[in-house]
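Enquirer: Sending over a structure as structure tokens; questions will come in a sec.
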Amino acid sequence: MQRQHDGAQRRFGEAFSLKDNSCHDEFEISDILRPLGWTVLAYSTPPDAQGVTVLRRVKC
């Protein structure tokens, strides 16, 4: 985390999707990485973007 000048803390992260999910989807990747200590969360997108799933890697 990084402390801002106002005393608040921010977490940095990045979001991405898999180019090819024929072997594993984003939710499976999240489940595989969790026991290894990675914080990579999988999300489904809203109805107007159905079919798009993203992973978000959080840096602590």
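Going by our numbering, the sequence shown opens with residue 8, and the numbers climb by one from there. For every residue, glycine included, the Cβ atom is placed at its ideal position computed from N, Cα and C.
1) Select from T46, S29 and E33 the residue whose C-alpha is nearest the C-alpha of T91.
2) Between which two residues does the alpha helix (DSSP H) holding S37 run?
3) Skipping 5 residues on each side, what residues in its chain have a beta carbon closer than 6 Å to that of V61?
4) Taking just the CA atoms, how far does R41 sit from V47?
5) Can you tell me whether S37 is buried or exposed, with buried defined as 16 or more other CB within 10 angstroms of its CB?
Expert: Reading off the structure:
1) Since the first residue of the chain shown is 8 and the last is 67, residue 91 is not available in this structure.
2) Annotation for S37: the continuous alpha helix (DSSP H) segment containing it runs E33 to L40.
3) Closer than 6 Å at Cβ, skipping near neighbours: A22, S24 and Y50.
4) Cα to Cα, the separation comes out at about 7 Å.
5) It counts as buried.
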